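Peer 1: Got a structure here, written out as structure tokens. Questions coming.
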Amino acid sequence: MSFLADNFPLLRDAFLTTLSLAVLSGLVALVLGTVLAAMRVSPIAALRGLATFYVETFRNTPLTVVFFFLAFGIVYIDLQFPSRFITAVAALSLYTAAFVSEAVRSGINAVPPGQAEAARAIGLDFRQSLSTIVLPQAFRTVVPPLGSVWIALAKNTSIAAGFAVTDLTAVLQRLANANADELALVFLAVVAAYLLITLPSAWVIGVLERRLAIVR
Amino acid sequence: MSGVNKWFGELHVLQDIDLSIDRGEVVVVIGPSGSGKSTLCRTINRLESIENGEITIDGQRLPEEGKELARLRADVGMVFQSFNLFAHKTVLENVTLGPIKVRKQSKADAEKRARELLDRVGVGPQADKVPAQLSGGQQQRVAIARALAMDPKVMLFDEPTSALDPEMINEVLEVMIGLARDGMTMVVVTHEMGFARKAANRVVFMDGGRIVESSTPEEFFTNPSSDRAKDFLSKILNH
Chain Z
136 MSFLADNFPL
146 LRDAFLTTLS
156 LAVLSGLVAL
166 VLGTVLAAMR
176 VSPIAALRGL
186 ATFYVETFRN
196 TPLTVVFFFL
206 AFGIVYIDLQ
216 FPSRFITAVA
226 ALSLYTAAFV
236 SEAVRSGINA
246 VPPGQAEAAR
256 AIGLDFRQSL
266 STIVLPQAFR
276 TVVPPLGSVW
286 IALAKNTSIA
296 AGFAVTDLTA
306 VLQRLANANA
316 DELALVFLAV
326 VAAYLLITLP
336 SAWVIGVLER
346 RLAIVR
Chain F
236 MSGVNKWFGE
246 LHVLQDIDLS
256 IDRGEVVVVI
266 GPSGSGKSTL
276 CRTINRLESI
286 ENGEITIDGQ
296 RLPEEGKELA
306 RLRADVGMVF
316 QSFNLFAHKT
326 VLENVTLGPI
336 KVRKQSKADA
346 EKRARELLDR
356 VGVGPQADKV
366 PAQLSGGQQQ
376 RVAIARALAM
386 DPKVMLFDEP
396 TSALDPEMIN
406 EVLEVMIGLA
416 RDGMTMVVVT
426 HEMGFARKAA
436 NRVVFMDGGR
446 IVESSTPEEF
456 FTNPSSDRAK
466 DFLSKILNH
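Protein sequences, first through last, are from chains Z and F.
In this text, residue positions in the first sequence follow the numbering used here: the first is 136, and each later residue adds one.
In this text, residue positions in the second sequence follow the numbering used here: the first is 236, and each later residue adds one.
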């Protein structure tokens, strides 16, 4: 046990890094994904095309490749992120936004078309009808799929370990290499730390789902 | 509207429609299923676009989709067959949303007026419930109040009683008859012949995407001029 106590600051910092990677990327992906979903149902064909292109590109590219491109690829166009942490947030956000967009779009499609028609009939324009009538109802139906996207994101943060961010997975590698005799304990501690993020999330998602359900 | 044509793919749903409606007039559109009467109603506020022809409201041509069209739609009340109340908002919010978001009224003014309208259609006590807690008849009366809150120049009713249980039809028709008496300009697509007799200034009979006959209710029900209308009336009035 003294082994864990000795390495507690390292594990705690790694936990906070993983958590902030997930939360920051989650927020950016939620906003970007919602904008993309709105673009995909917009009456303007160019916006629809652009959003479809984005979603298909990022949904079908391995996350590691996205990381690789942002970490090393963009140097060729004279770009560089200020830190490796921000590079990781960017990669996770851009990648996850594609999945958020698909979840939100399925929610938009699940809102009966009469809702948007009624909104247009009282004189709301496309943007108002989307933001006040369609999206609020869409979000309630997409809590479960968005929850899955969030949990996948929390675990996907581990790719950052391969790109020099000291997250839980990086610390797992470091401690396991240095302490072969404590391997089981190292694994246990790191897995517990991941569960500390994902299990409460699953619970919160369940509560949200019940609380937001719309009676029709 | 003049020379209006619309196709759904191969199907020519509206064929050379010419129709003009005067201020304060109540026009009832009847006809068999698939005759294009609902589509006709929905083209008036451009929920359905048309391929050619012209539709003008109060001298203004229907604009393309966008801010201009939204402004015009605000002046055209619409009541749907399936009510389409906003499911995530209370009854009161359903009625105040348009006045606040589109007419930029203050929340207090909009709520005061909304409560008056809800009382007028007889659902005042339900103001703080959500739509799913109301009966179909109550929901449809809220939908009428929601449309009235915008002070529309004309009201469109697309089969407003077709989704209702028989005992709820009258409570909705009563409200509509009241509106007609107060001088509201109305276009009503319906199968309620009683309403047509009682409240309409004119009956428009459609079949196969065309206006076959247009006359007073008196004339239409006692002495229809077309065979198609005679046939239709004999089928629905003989029970």
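Heads up, the beta-carbon is just placed ideally off N, CA and C, and yes, glycines get one too.
Since the model is a prediction, treat every value here as computed from it, not as a measurement.
Is the distance from the Cβ of residue 408(F) to the Cβ of residue 430(F) below 8 angstroms?
Peer 2: Pairing residue 408(F) with residue 430(F) gives a Cβ-Cβ distance under 8 angstroms.
Peer 1: Taking buried to mean at least 16 other C-beta atoms within 10 Å of its own C-beta, is residue 275(F) buried or exposed?
Peer 2: By the neighbour-count rule (16 or more Cβ atoms within 10 Å), residue 275(F) is buried.
Peer 1: Which residues in chain F have a C-beta closer than 8 angstroms to the C-beta of residue 178(Z)? List them in chain order.
Peer 2: 300
Peer 1: With a threshold of 8 angstroms, are at least 3 pairs of Cβ atoms found where one atom belongs to the stretch 266-279 of chain Z and the other to the stretch 197-206 of chain Z?
Peer 2: no
Peer 1: Interface residues of chain F around residue 349(Z) at Cβ under 7 angstroms?
Peer 2: At a beta-carbon threshold of 7 angstroms, the residues of chain F lying near residue 349(Z) are 322, 323, ordered along the chain.
Peer 1: Pull up the distance between the alpha-carbon of residue 149(Z) and that of residue 301(Z), whole angstroms please.
Peer 2: 6 angstroms
Peer 1: Pull up the distance between the alpha-carbon of residue 347(F) and that of residue 378(F), whole angstroms please.
Peer 2: 17 angstroms
Peer 1: Using the Cβ count rule (16 or more neighbours within 10 Å means buried), how would you classify residue 345(Z)?
Peer 2: exposed
Peer 1: Using a Cβ-Cβ cut-off of 8 angstroms, state whether residue 362(F) counts as contacting chain Z.
Peer 2: no
Peer 1: Check residue 518(F) in the structure and name its three-state DSSP category.
Peer 2: This structure gives no information on residue 518(F), because the portion of chain F shown stretches from 236 to 474.
Peer 1: Using a 10 Å radius around the Cβ and a threshold of 16 neighbouring Cβ atoms, would you call residue 366(F) buried or exposed?
Peer 2: When all chains shown are included, residue 366(F) counts as buried.
Peer 1: Is residue 337(F) close to chain Z? Criterion is C-beta to C-beta, closer than 8 angstroms.
Peer 2: yes
Peer 1: Below 8 angstroms on the Cβ atoms is my guess for residue 157(Z) versus residue 289(Z); work out the distance and round it to an integer in Å.
Peer 2: Right, the Cβ-Cβ distance comes to about 4 angstroms (below 8 angstroms), so this counts as a contact.
Peer 1: Interface residues of chain Z around residue 317(F) at Cβ under 7 angstroms?
Peer 2: 249
Peer 1: So that I know if they touch, is there some Cβ in chain F lying closer than 8 angstroms to that of residue 108(Z)?
Peer 2: There is simply no residue 108(Z) to check, as chain Z begins at 136 and stops at 351 in what is shown.
Peer 1: From residue 231(Z) to residue 329(Z), what does the alpha carbon distance come to, in whole angstroms?
Peer 2: 18 angstroms
Peer 1: If we define contact as Cβ-Cβ less than 8 angstroms, is residue 257(Z) a contact residue for chain F?
Peer 2: yes
Peer 1: Between residue 314(Z) and residue 303(Z), what straight-line distance do the alpha-carbon atoms span, to the nearest angstrom?
Peer 2: Taking the straight line from one Cα to the other gives about 16 angstroms.
Peer 1: Can you pull the chain F residues whose beta carbon is under 9 angstroms from the beta carbon of residue 335(Z), in chain order?
Peer 2: Residues of chain F passing the Cβ test: none, with the nearest at roughly 27 angstroms.
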